[in-house]
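Residue numbers (the numbering used here): 13 to 269.
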Amino acid sequence: MNGNGKGKGNGSGALEGAVVAVAGAAGPAGRATLLRLAEAGATVVASDADATRLAEAVDAARYAHGGATVTGDTVDLLDLAAAREWADKTEKEFGRIDGLVHLVGGWRGSATFAETDLADWNLLEKLLIRTVQHTSLAFQEGLQRSDRGRYVLISAAGASKPTAGNAAYAASKAAAEAWTLALADSFRKAGGDEGPRTAAAILIVKALVHDAMRAERPNAKFAGFTDVKELADAIAGVWDRPAPEVNGKRLWLTPQP
Numbered sequence: 013m014n015g016n017g018k019g020k021g022n023g024s025g026a027l028e029g030a031v032v033a034v035a036g037a038a039g040p041a042g043r044a045t046l047l048r049l050a051e052a053g054a055t056v057v058a059s060d061a062d063a064t065r066l067a068e069a070v071d072a073a074r075y076a077h078g079g080a081t082v083t084g085d086t087v088d089l090l091d092l093a094a095a096r097e098w099a100d101k102t103e104k105e106f107g108r109i110d111g112l113v114h115l116v117g118g119w120r121g122s123a124t125f126a127e128t129d130l131a132d133w134n135l136l137e138k139l140l141i142r143t144v145q146h147t148s149l150a151f152q153e154g155l156q157r158s159d160r161g162r163y164v165l166i167s168a169a170g171a172s173k174p175t176a177g178n179a180a181y182a183a184s185k186a187a188a189e190a191w192t193l194a195l196a197d198s199f200r201k202a203g204g205d206e207g208p209r210t211a212a213a214i215l216i217v218k219a220l221v222h223d224a225m226r227a228e229r230p231n232a233k234f235a236g237f238t239d240v241k242e243l244a245d246a247i248a249g250v251w252d253r254p255a256p257e258v259n260g261k262r263l264w265l266t267p268q269p
């Protein structure tokens with residue numbers, strides 16, 4: 013592990029000096045994650061398809077943590093070549109790549125199973141599966157070169173217990189989890205008898221909540237939801253644990269169904 017164990021603020025020593033890429037960084041979860049990683053002393057390389065919102069998220073993280081290196085790239089993660097170019101550019105510029113946090117999201121659903129619109133599947137397959145395939149293939153080798161590489165997927169409890177109206181969403185999330193577990197197995201095999209040095213882990217939430225949602229619905233309970241700040245803490249915490257302990261694991265932030 014690199015670093016002197018001193019993070020910024022309440023940061024993690026394991027992230028001091030690390031280079032972490034965040035895909036889908038412009039939403040509320042992305043913003044919270046950029047802030048948390050910057051606070052922990054990481055160099056953060058953010059990407060999103062929305063250039064305007066990405067710039068706002070990057071500026072907010074830089075402003076909150078003066079001296080932190082936070083950069084932003086507009087990347088089309090539906091293009092494998094573009095994802096590989098982003099990974100290669102990041103490692104070349106900063107000399108290493110220690111993490112990829114996958115926050116690309118999206119949701120479509122229906123009132124009943126019979127009303128499922130397969131156009132929703134076509135969209136979710138791209139957002140929730142294809143982007144995971146591309147970031148994992150693009151970043152695998154770089155992460156494996158790291159002494160603390162982590163690939164972190166954010167998934168949903170619905171993948172393990174699909175409901176009638178969420179067939180497309182749950183199936184997409186389940187496929188993304190399976191893909192990530194295959195990546196974890198590649199890290200396990202690369203580690204040999206000593207065990208993996210690099211890990212792929214899945215953080216599972218019921219749903220996410222943030223301050224703007226609470227302001228819009230002040231009487232809502234949001235029972236079982238995970239606050240985006242809590243999610244960001246859990247993401248940073250994946251680096252605090254040894255690779256063999258988190259590789260190929262589903263880490264539940266909500267009660268397991």
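Virtual Cβ for every residue (Gly too), placed ideally from N, Cα, C.
Pair within 7 angstroms by beta-carbon distance, residue i and residue j
i       : j       : result
Glu-103 : Gly-154 : yes
Leu-195 : Ser-148 : yes
Ser-167 : Ile-247 : no
Ala-213 : Phe-151 : no
Asp-245 : Ala-180 : no
Asp-85  : Ser-59  : yes
Val-116 : Leu-139 : yes
Ala-41  : Val-258 : no
Ala-26  : Trp-251 : yes
Ile-141 : Ala-187 : yes
Thr-175 : Leu-89  : no
Leu-165 : His-222 : no
Gly-73  : Val-82  : Before going on, a small fix: residue 73 reads as Ala here, not Gly. Yes, the pair counts as a contact, with Cβ atoms nearer than the cut-off.
Residue i, DSSP secondary structure in three states
i       : result
Asp-71  : helix
Ala-219 : coil
His-77  : coil
Leu-92  : helix
Gly-118 : coil
Ala-63  : helix
Gly-42  : helix
Gly-15  : Annotation note: pLDDT 32 at Gly-15 (below 50); position unreliable, no value reported.
Asp-129 : coil
Thr-86  : strand
Ala-123 : coil
Ala-52  : coil
Lys-173 : coil
Glu-103 : helix
Glu-137 : helix
Glu-28  : coil
Pro-269 : coil
Presumed contact (8 angstroms Cβ cut-off) between residue i and residue j, rounded CB distance
i       : j       : result
Ala-95  : Val-87  : 7 angstroms
Val-31  : Val-70  : Going by Cβ atoms, the distance from Val-31 to Val-70 rounds to 15 angstroms, so no, they are not a contact pair.
Thr-192 : Phe-199 : About 11 angstroms separates the two Cβ atoms, so there is no contact after all.
Ala-44  : Leu-263 : Actually they are not in contact, since the Cβ atoms of Ala-44 and Leu-263 sit about 17 angstroms apart, beyond 8 angstroms.
Ala-35  : Leu-112 : 7 angstroms
Gln-156 : Ala-202 : 6 angstroms
Pro-269 : Ala-169 : 6 angstroms
Arg-65  : Ala-38  : 4 angstroms
Gly-207 : Pro-267 : Contact doesn't hold; Cβ gap of about 29 angstroms is too wide.
Ser-122 : Gly-177 : 5 angstroms
The ligand SAM heavy atom lying under 6 angstroms from the CB of residue i
i       : result
Leu-149 : Absent from the structure shown: the ligand SAM. Ligands present: none.
DSSP beta-bridge partners of residue i
i       : result
Asp-205 : In the DSSP output, where bridge partners are listed per residue, Asp-205 has none listed.
Ser-167 : Ile-216
Leu-112 : Ala-33, Tyr-163
Val-57  : Ala-33, Thr-83
Ala-277 : Since the displayed the chain opens at 13 and closes at 269, residue 277 lies outside it and no answer follows.
Report the residue ranges of all alpha helix (DSSP H) runs contained in full by the stretch 220-267; include only those spanning at least 4 residues, in chain order. Counting only runs of 4 or more, we get 223-228, 240-249, 255-258.
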